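First the structure, in the form of structure tokens, and then the observations on it.
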Amino acid sequence: MNVTKKYRCIHSTSCVCTKGLLTEEVIFLVFNHLNWNPKLIAVLSSTCKWFDDLAKRVLWKEFCKARAPKMMLDLHSNGSHIVDGNWTALGKLLIYCSGCKKDGLFNSNHIPGHFVHRTRFSRTSGKSFLLPQCRTDVLYVSDPCEHLDQGDEGDIGFFRGIFKSFATSKARKLLINRSAPLHPTEVCPYCKAKLWNMQAANMIPSSASCRLGAYEDYIEYYVCLNGHVLGICTLLPLSDTDEAPEE
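Residue numbers are given in UniProt numbering: position 40 of the sequence shown equals residue 40, and the series is strictly consecutive.
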């Protein structure tokens, strides 16, 4: 569902949005009753700058907490600062598979992005995507979103994730030490930050393909400056996946 931001008002004292009972508390209660419906949050934020600010500051945060409570609690534990990037970006990451465009970030056919009903993110799975010297970092990674029968490319899987406190992570420090390149044109589909190429930095361990059930030579992923992860892989046939070695 694409919603065009119109910003019809700035919610001044003369704005019709201030008439009646539309306080933050009322809007909070309404969206709590709606179980923090992301499509309705997007619609509300498109109507007014004040609503957009409220959505970014409160509604998307509550959506993330409701959709992945344990993950959100962990991302803020042990004195960790607020989620890198912003709540809108994290909310989108939880429910949106970005796909890929031809001649874009990944060398693949055009596969349109789409919303997903529910995705499991795992801290344990995230360890498989980190080199041994970085495995004290906390990384949550999703199960692959499967796009089957993509012609000569076979079965394609997209995965996404997020680092906890990426700014102080060992993975970020290693990327800098290895002078990992930033993609010259493409940006993170969730927060628009620049992207590091983990494959170019030689930072994708073989355990990642085992975790995904993918061919080892056909996995690639990027991490943005805010710690959002997005990647692609070619999935093994189901019979081969069942026989894949354990970590």
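No residue lacks a Cβ here, since even glycine has one placed at the ideal position from N, Cα and C. No experiment lies behind these values; they were computed from the predicted model shown.
- Only residues of its own chain outside the window of five on either side were considered, and among them none has a CB closer than 6 angstroms to the CB of Leu-29.
- For the pair Arg-172 and Gly-161, the Cα-to-Cα distance works out to about 15 angstroms.
- Membership of Ser-209 in the alpha helix (DSSP H) is indicated by the continuous run 206-212.
- Membership of Trp-36 in any beta strand (DSSP E) is not indicated, and neither H nor E is assigned to it by DSSP.
- Cα atoms of Asn-226 and Tyr-140: separation of roughly 14 angstroms, rounded to the nearest angstrom.
- If you compare the alpha carbons of Tyr-190, Pro-237, Arg-211, Cys-210 with that of Gly-91, the shortest gap goes to Tyr-190.
- Assignment of Pro-69 by DSSP, reduced to helix, strand and coil, places it in the helix class.
- Non-local beta-carbon contacts of Leu-182 in its own chain, meaning distances under 7 angstroms to residues more than five positions away in sequence, involve Lys-194, Leu-195, Trp-196 in chain order.
- The region 130-140 and the region 164-171 touch, with three or more beta-carbon pairs separated by less than 8 angstroms.
- Taking each of Ser-206, Leu-22, Thr-88, Glu-186 in turn and checking the Cα distance to Tyr-215, the smallest one comes out for Ser-206.
- Straight across, the Cα-Cα distance linking Trp-36 with His-228 is about 22 angstroms.
- In the structure shown, Asn-32 falls within a helical segment according to DSSP collapsed to helix, strand and coil.
- Under the 10 Å beta carbon count, Thr-23 is surrounded by fewer than 16 other beta carbons and is classified as exposed.
- DSSP places Ser-125 in no beta strand (DSSP E) but in the uninterrupted alpha helix (DSSP H) bounded by 123-127.
- A residue is called buried when at least 16 other Cβ atoms come within 10 angstroms of its Cβ; Asp-217 does not meet this threshold and is exposed.
- Pairing Ile-41 with Ala-68, the inter-Cα distance amounts to about 17 angstroms.
- Comparing alpha-carbon positions, the option among Phe-163, Cys-210, Tyr-222, His-110 lying closest to Pro-184 turns out to be Tyr-222.
- Bounds of the alpha helix (DSSP H) holding Lys-49 are 49-54.
- Under the DSSP assignment, Leu-235 falls in the beta strand (DSSP E) whose first and last residues are 228-235.
- One Cα belongs to Leu-148, the other to Ile-95, and the distance between them is close to 19 angstroms.
- For Gly-154, the secondary structure class from DSSP, reduced to helix, strand or coil, is coil.
- Annotated three-state conformation of Pro-112 is coil, per DSSP.
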